[in-house]
Amino acid sequence: MSIFAIGDTHLSFSTDKPMNIFKGWDDYVERLTKNWHALVAPSDTVVLMGDISWAMSLEQAKADFAYLDALPGQKIILKGNHDYWWNTRRKMEAFFENNGFSTLHILHNNAYRVGGFSICGTRGWFYDDTQSEPDKVMLREVQRLKTSIDAGRALGGEPIVFLHYPPISLTQQCAPFLDLLKDEQISRCYYAHLHGGAAHLAFQDTFYGTKFALLSGDYLKFCPKVIEIIKS
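91 is the number of the first residue of the sequence shown in my numbering; add one for each residue after it.
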């Protein structure tokens, strides 16, 4: 049993949003499918770190969810900045149940125990946001992460944190997230969102005792990254 993770699948089976206009995205679904089947077993868990689908609603995302559900393993899904289909957890879980998507699970103000670890996380927020009231949104996301970590600790596993937005780069920092990770003594934090040339800004080292790593889809060449191999 293993834990894998990958972000930014940007699926679009029911929408006209081709990603192959970007360098490195040619045949990305076929590559993701091949790599996933080569690595992930039915007993494994894969954390999907946001920007799952370009769909604008749950119904429009149905084909994308069906694709993911058919892949091996259990999938834990957190929100990205382009997941416009996102709804309340209750509605999303009901949609999955009604459509028989039994391997898809939402990570939102909760956590999941996998072996001796707890999968925790939230969308997060970007350190250079320029929208109105960014502090209010950021602090709400920080609280959601705190809630998730608390839930993970209640489950008894060591928390591993997954975010969509990077809380730190080589040039900038998002202090509220970094302070929380430090206070909670989180040893590992994985993030996505950075594509193409932006990946050179990714901070992939240890800060305040937390090890950070970028796991966006194109950065990983659409190959799910093993996070932990759990011995039975």
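Virtual Cβ for every residue (Gly too), placed ideally from N, Cα, C.
Asked, Found
"What residue ranges within the region 242–299 form continuous alpha helix (DSSP H) runs of no fewer than 4 residues, ordered along the chain?", "265–273"
"So, does the region 108–115 touch the region 156–166, judging by three or more C-beta pairs under 8 angstroms?", "no"
"Look at the Cβ atom of residue 306, then the Cβ atom of residue 98, and state whether they are nearer than 7 angstroms.", "yes"
"Rounded C-beta distance between residue 138 and residue 167? I'm assuming under 8 angstroms.", "5 angstroms"
"Counting along the chain, where does the beta strand (DSSP E) carrying residue 318 start and finish?", "315–319"
"In the DSSP assignment, find the beta strand (DSSP E) that holds residue 153 and state where it starts and stops.", "No beta strand (DSSP E) contains residue 153, which is instead part of the alpha helix (DSSP H) from 152–160."
"Would you kindly report the start and end of the unbroken alpha helix (DSSP H) that includes residue 127?", "118–129"
"With burial defined as no fewer than 16 other Cβ atoms inside 10 Å of the residue's Cβ, what is the status of residue 323: buried or exposed?", "Here the chain comprises residues numbered 91 to 322, so residue 323 is not present and cannot be evaluated."
"Say yes only if the C-beta of residue 248 is nearer than 6 angstroms to one or more non-hydrogen atoms of the ligand SAH, and no if none qualify.", "The model depicted lacks the ligand SAH and carries no ligand whatsoever."
"Do the CB positions of residue 310 and residue 96 come within less than 7 angstroms of each other?", "yes"
"List the endpoints of the continuous beta strand (DSSP E) containing residue 186.", "No beta strand (DSSP E) contains residue 186, which is instead part of the alpha helix (DSSP H) from 179–188."
"Just to confirm, are residue 210 and residue 242 a CB contact at a threshold of 7 angstroms?", "yes"
"Taking residue 234 and residue 199 to be in contact with their CB atoms under 8 angstroms, please state how far apart those CB atoms are, rounded to whole angstroms.", "6 angstroms"
"Counting only the same chain and skipping the five closest in sequence on each side, list residues whose C-beta sits under 6 angstroms from that of residue 164.", "135 and 193"
"Got a sec? Which residues, its chain only, sit under 7 angstroms from residue 269 by beta carbon, not counting five neighbours each side?", "none"
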